[in-house]
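J.: Take a look at this one; I'll ask things after.
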Amino acid sequence: SLPQTSTIALVKDAVFSGTGVLGDVITYTFTATNTGTTTMTNVVVTDPMVGLILTGNPISSLEAGASSSVITGTYTITQTDIDAGTVTNSALATAQDPDGNDVTDISGTDIDNDDPTNTSVTQTSAIALVKTAILSGTGMLGDAITYIFTLENTGNTTLINIVVTDPMITNPIIGSPIASLAPGGTTI
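Each residue of the sequence shown is one higher than the last, beginning at 952 in my numbering.
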């Protein structure tokens, strides 16, 4: 009798289509490989990533030494992902051996590891400041000038603790610091 082993390996590859803006999509391909000597059945990939849409589950049968890449997933990046600069994730393959026992593997970046799949997201942090002045009076000595500072987050990351300073203004600038400003957000 030949020794029988029931093992499976899962590789998760990512293709990022976008420039790092909210709504860009990462497409994952899951390659399940039967690394044992027995036929595996009911190969199912599960992934805890909220918002990931999986297709192609289950693979009904996978012969010894065979691989299949029919399971794919799509994920739309969130602002949290952009702010982190990366999307990190692992999946799990579960299959049944000939005796009906579960055989599992955590996805890796290749067949020999269980390293999470990391997808870099380009971060661009930028801010625009417009200063306008309102003169209260006719331009006489003692008239006050009120300055209005308008800030716009022109990047793709959430900016925090924004401090506006002006060497002309000795009084504190009202509204500074600004705790948080989302991409595209404007504040006065």
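Where a beta carbon is used, it is the ideal one built from N, C-alpha and C, also for glycine.
This one's a predicted model, so the numbers in the text were calculated from it and none came from an experiment.
Answer with yes or no whether the minimum CB distance from Leu953 to chain C is below 8 angstroms.
T.: Reference to chain C is not applicable here, since this structure consists of a single protein chain.
J.: Would you call the CB atoms of Thr1045 and Thr997 closer than 8 angstroms?
T.: Residue numbering aside, residue 1045 sits at position 94 when the sequence shown is read from its first letter. Residue numbering aside, residue 997 sits at position 46 when the sequence shown is read from its first letter. In this structure, Thr997 lies closer than 8 angstroms to Thr1045 by Cβ.
J.: Can you tell me whether Gln1074 is helix, strand or coil according to DSSP?
T.: Reading the sequence shown from its first residue, position 123 is the one you call residue 1074. Correct three-state label for Gln1074: coil.
J.: In chain order, which alpha helix (DSSP H) runs of at least 4 residues are fully inside the segment 1013-1041?
T.: Listed in chain order, the complete alpha helix (DSSP H) runs (minimum 4 residues) inside the segment 1013-1041 are 1030-1035.
J.: Could you tell me the alpha carbon to alpha carbon distance between Asn1052 and Met991, rounded to whole angstroms?
T.: Taking the sequence shown and counting its residues from 1, the one referred to as residue 1052 is at position 101. Taking the sequence shown and counting its residues from 1, the one referred to as residue 991 is at position 40. Using only the alpha carbons, I get a separation of about 10 angstroms.
J.: At what residue ranges does the segment 1091-1135 contain a whole run of the beta strand (DSSP E), taking only runs of 3 or more?
T.: Listed in chain order, the complete beta strand (DSSP E) runs (minimum 3 residues) inside the segment 1091-1135 are 1095-1104, 1110-1113, 1129-1132.
J.: Where does Asn1052 fall in DSSP's three states?
T.: Your numbering for residue 1052 matches position 101 in the sequence shown. DSSP places Asn1052 in coil when its eight states are reduced to three.
J.: Do Ile1022 and Val1038 come within 8 angstroms of each other at the CB atom, strictly closer than that value?
T.: Locating residue 1038 in the sequence shown gives position 87, counting from the first residue. Locating residue 1022 in the sequence shown gives position 71, counting from the first residue. Not closer than 8 angstroms, so no.
J.: Could you check whether Thr1138 and Leu1102 sit closer than 8 angstroms to each other, using their CB atoms as the reference points?
T.: One-based indexing of the sequence shown puts residue 1102 at position 151. One-based indexing of the sequence shown puts residue 1138 at position 187. Yes, the pair counts as a contact, with Cβ atoms nearer than the cut-off.
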